[in-house]
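These protein sequence lines map, in sequence, to chains F and Y. Be aware that the first sequence starts at 9, since it is given in this note's numbering, and climbs by one per residue. Be aware that the second sequence starts at 521, since it is given in this note's numbering, and climbs by one per residue. A virtual CB, placed ideally from N, CA and C, is assigned to each residue, including glycine. Just so it is clear, the structure is predicted and the values come from calculations on it, not from any experiment. Inspection log for the structure reproduced underneath, given as structure tokens.
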Amino acid sequence: MNRMPCPINDRKEVLLDYVAGRLPAEARSAVEEHAVDCPPCQEFLAEQAVLWSTLDSFESPAVGSDFDKKLYARIASQEKASFWWKAWQRIFESGEPWSWRPAIAASAVFAIVMAVVLIRPASAPYGSGGDAAKVESIRSAGIDVPDVEAVEAALEDLEMLKLGTGSSI
Amino acid sequence: MTSVAALERDAQLMLRVREGDAESFALLLERHRTPVIHFLYRMIQNQAVAEELAQETFLRVYRSRESYEPTAKFTTWLFRIATHLALNWLRDHKNSRGEVTLDEPSEGFPTMQVAHSEASVEQRLVKESKAAEVRRAIGSLPQKQRGAVLMHKYQEMEYRQIATALKCSESAVKSLLFRAYETLRTRLAHMA
Numbered sequence: 009m010n011r012m013p014c015p016i017n018d019r020k021e022v023l024l025d026y027v028a029g030r031l032p033a034e035a036r037s038a039v040e041e042h043a044v045d046c047p048p049c050q051e052f053l054a055e056q057a058v059l060w061s062t063l064d065s066f067e068s069p070a071v072g073s074d075f076d077k078k079l080y081a082r083i084a085s086q087e088k089a090s091f092w093w094k095a096w097q098r099i100f101e102s103g104e105p106w107s108w109r110p111a112i113a114a115s116a117v118f119a120i121v122m123a124v125v126l127i128r129p130a131s132a133p134y135g136s137g138g139d140a141a142k143v144e145s146i147r148s149a150g151i152d153v154p155d156v157e158a159v160e161a162a163l164e165d166l167e168m169l170k171l172g173t174g175s176s177i
Numbered sequence: 521m522t523s524v525a526a527l528e529r530d531a532q533l534m535l536r537v538r539e540g541d542a543e544s545f546a547l548l549l550e551r552h553r554t555p556v557i558h559f560l561y562r563m564i565q566n567q568a569v570a571e572e573l574a575q576e577t578f579l580r581v582y583r584s585r586e587s588y589e590p591t592a593k594f595t596t597w598l599f600r601i602a603t604h605l606a607l608n609w610l611r612d613h614k615n616s617r618g619e620v621t622l623d624e625p626s627e628g629f630p631t632m633q634v635a636h637s638e639a640s641v642e643q644r645l646v647k648e649s650k651a652a653e654v655r656r657a658i659g660s661l662p663q664k665q666r667g668a669v670l671m672h673k674y675q676e677m678e679y680r681q682i683a684t685a686l687k688c689s690e691s692a693v694k695s696l697l698f699r700a701y702e703t704l705r706t707r708l709a710h711m712a
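Printed below as a string of structure tokens:
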């Protein structure tokens, strides 16, 4: 019978899985058989087992009774979001090719940057007044400036949603 | 460990949510609400913030329902979102809040537990003291190590799932876990 090579250096996850109870029966037996003659593995298993039990004392409080109510209220609120926010979301959450979306977001950011550069007051040196004031001055000129934070948030959503929305990227 | 049938059921429920079935979303919420909140609580160690972030997690799941595809386990996706929100919150509040200190009890944790058992006052205090020490030890871990431990120990997630949630490789996850558990073994050895 082939004995298991010592996992303490290169395959320590086997020992973690043993303590966590996640090894199949055959693998468990192999670890136990190996540990009989391996003091380092015995020590590791013993210490990890104690830690595993100790970590069980980290309990969490009960969930608030109004959690679901608050969540559904937020969902309902979002459902009433403005036409433009929904259109913005549809761009990022539709089944369109993923390559369009970074380009669209990049275009929006570029448009903001160019608007700030071109429209900033002549008397104000670049960098003074703050970004908020620049954006406000652009908006007051009648130019619709998308919210940069919304663009950034959408890009973050894009990254997270790749997994759940079938993207192969 | 989550059964294969349960995992497939999650995907089926989410596909129904995609079709507009609100009841399926309620079932997913019922099944995963507590684990997500508990994970976030152990990450943030603030119950109010944990519930807020959990709501944001489910809100994002609901918001993306129309384009959902079961390319990965639902729980993997769910915890990827939750982990992302938790790490962002910790990063954004690091300067104002600092890491969990040794002297601060985590917010929202019930320090006075209702005595359902006949445990003595002394036993209860010992138990609370032990729990507080474990909380501090986990709170002192670097954020990614903390997330890896919480998903591995309390959510019983596989290395591959944790890697997806943390956006790193499986070997990186194992490395995070080895270092984290070694730190915890050292720090909590006196509690053996």
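Next on the checklist: So with CB distances below 8 Å, who are the chain A contacts of L549(Y)?
Outcome noted: Among the protein chains of the structure shown, namely F and Y, there is no chain A.
Checklist entry - Between the C-alpha atoms of D45(F) and R11(F), what's the straight-line distance to the nearest angstrom? => result Position 37 of the first sequence, counting from 1, holds the residue named residue 45(F). Position 3 of the first sequence, counting from 1, holds the residue named residue 11(F). So the two alpha carbons sit approximately 11 Å from each other.
Next on the checklist: Just verifying my parser: in three-state terms, what is the DSSP assignment at E690(Y)?
Outcome noted: Within the second sequence, the letter at position 170 stands for residue 690(Y). Assignment of E690(Y) by DSSP, reduced to helix, strand and coil, places it in the helix class.
Checklist entry - So which residues of chain F does K614(Y) contact, with C-beta pairs closer than 9 Å? => result Position 94 of the second sequence, counted from the first residue, corresponds to residue 614(Y). At a C-beta separation below 9 Å, K614(Y) has no neighbours in chain F, since its nearest C-beta there lies roughly 18 Å away.
Item to check | Per-residue burial, L645(Y) [other beta carbons within 10 Å of its own, 16 or more giving buried] | outcome: Walking along the second sequence from the start, residue 645(Y) turns up at place 125. With fewer than 16 Cβ atoms within 10 Å of its Cβ, L645(Y) is classed as exposed.
Checklist entry - Is it the case that the Cβ atoms of L560(Y) and A606(Y) are separated by a distance below 9 Å? => result The count along the second sequence starts at 1 and reaches residue 560(Y) at position 40. The count along the second sequence starts at 1 and reaches residue 606(Y) at position 86. Yes, they are a contact pair.
Checklist entry - In chain F, which residues lie with their C-beta within 7 Å of the C-beta of T554(Y)? => result For the purposes of this step, residue 554(Y) is taken as the residue at position 34 of the second sequence. For a Cβ distance threshold of 7 Å, residue set V71 of chain F lies close to T554(Y), ordered along the chain.
Next on the checklist: Assess contact between the segment 556-572 of chain Y and the segment 57-64 of chain F, defined as three or more Cβ pairs (one per stretch) separated by less than 8 Å. Is contact present?
Outcome noted: Too few Cβ pairs lie closer than 8 Å, so no.
Next on the checklist: So, for L598(Y): in the same chain, excluding its five sequence neighbours on each side, which residues have a beta-carbon less than 8 Å away from its beta-carbon?
Outcome noted: Against the second sequence, residue 598(Y) aligns to sequence position 78. The beta carbon of L598(Y) sits closer than 8 Å to the beta carbons of H552, V556, T577 and V581 from its chain, once the five residues preceding and following it are set aside; these are given in chain order.
Next on the checklist: For a test of the three-state rule: what should DSSP assign to P133(F), helix, strand or coil?
Outcome noted: Here residue 133(F) is taken as the residue at index 125 of the first sequence, counted from 1. Confidence at P133(F) is low in this model, with a pLDDT of 47, below 50, so its placement is unreliable and the value that follows should be read with caution. When DSSP states are grouped into helix, strand and coil, P133(F) belongs to the coil group.
Checklist entry - Would you call T706(Y) buried or exposed, if buried means 16 or more other Cβ atoms sit within 10 Å of its Cβ? => result Here residue 706(Y) refers to the residue found at position 186 when the second sequence is read from its first residue. So T706(Y) counts as exposed.
Checklist entry - Does the Cβ of I127(F) have 16 or more other Cβ atoms within 10 Å, making it buried, or fewer, making it exposed? => result If you number the first sequence from 1, residue 127(F) lands on position 119. I127(F) should be labelled exposed.
Next on the checklist: Is C49(F) a contact residue of the ligand GTP, with contact defined as CB to any heavy atom under 8 Å?
Outcome noted: Looking at this structure, you won't find the ligand GTP or any other ligand, since it has none at all.
Checklist entry - Taking the continuous alpha helix (DSSP H) assigned at E41(F), which residues delimit it? => result As a position in the first sequence, residue 41(F) is number 33, starting the count at 1. Taken as a continuous stretch (DSSP letters only), the alpha helix (DSSP H) holding E41(F) covers A33 to A43.
Checklist entry - Under 9 Å between the Cβ atoms of T596(Y) and T684(Y)? => result Here residue 596(Y) is taken as the residue at index 76 of the second sequence, counted from 1. Here residue 684(Y) is taken as the residue at index 164 of the second sequence, counted from 1. The answer is yes: Cβ separation under 9 Å.
Next on the checklist: Can you tell me whether M677(Y) is buried or exposed? The criterion is at least 16 other CB atoms within 10 Å of its CB, across all chains shown.
Outcome noted: Residue 677(Y) sits at position 157 when you count from the first residue of the second sequence. Buried, because 16 or more other Cβ atoms sit within 10 Å of the Cβ of M677(Y).
Checklist entry - For the candidate residues E51(F), Y80(F), V121(F) and A119(F), whose alpha-carbon lies nearest to that of A709(Y)? => result Position 189 of the second sequence holds residue 709(Y). Here the closest residue by C-alpha is E51(F).
Checklist entry - Using a C-beta to C-beta distance shorter than 8 Å, which residues of chain Y count as neighbours of L53(F)? => result Position 45 of the first sequence, counted from the first residue, corresponds to residue 53(F). Ordered by position in chain Y, no residue passes the 8 Å Cβ test against L53(F), which lies about 12 Å from the chain.
Checklist entry - With 9 Å set as the bound, which would you pick, yes or no: does the beta-carbon of P105(F) sit closer than that to a beta-carbon of chain Y? => result Start at 1 with the first residue of the first sequence, and residue 105(F) comes out as number 97. Low per-residue confidence applies at P105(F): pLDDT is 47, beneath 50, and the placement is therefore not dependable enough to give any value.
Checklist entry - With 9 Å set as the bound, which would you pick, yes or no: does the beta-carbon of V115(F) sit closer than that to a beta-carbon of chain Y? => result Within the first sequence, residue 115(F) is the residue found at index 107, counting from 1. Looking at the sequence provided, one finds Ser at residue 115(F) rather than Val. Between S115(F) and chain Y, the shortest Cβ-Cβ separation is not below 9 Å.
Checklist entry - If the cut is a Cβ gap below 7 Å, which residues of chain Y does R82(F) touch? => result One-based indexing of the first sequence puts residue 82(F) at position 74. Taking the beta carbon of R82(F) as reference, the chain Y residues within 7 Å of it are Q575 and L579, listed in sequence order.
Checklist entry - Where does R19(F) fall in DSSP's three states? => result Here residue 19(F) refers to the residue found at position 11 of the first sequence. The answer is coil: DSSP assigns R19(F) none of H, G, I, E or B.
Checklist entry - Can you tell which of S584(Y), Y701(Y), V569(Y) and A570(Y) has its C-alpha closest to the C-alpha of F545(Y)? => result Along the second sequence, one-based indexing puts residue 545(Y) at 25. When C-alpha distances from F545(Y) are compared across S584(Y), Y701(Y), V569(Y) and A570(Y), the shortest belongs to S584(Y).
Item to check | Closest Cα partner of A570(Y) within the set L24(F), V27(F), S68(F) and L23(F) | outcome: Within the second sequence, residue 570(Y) is the residue found at index 50, counting from 1. For A570(Y), the nearest C-alpha among the options comes from S68(F).
Next on the checklist: For Y701(Y), which residues in the same chain have their Cβ closer than 8 Å to its Cβ, ignoring the five residues on either side in sequence?
Outcome noted: Here residue 701(Y) refers to the residue found at position 181 when the second sequence is read from its first residue. V669, listed in sequence order.
Item to check | chain F contacts made by the segment 684-699 of chain Y, where a contact means CB separation under 8 Å | outcome: Residues passing the 8 Å Cβ filter: T684, K694, L697 and F698.
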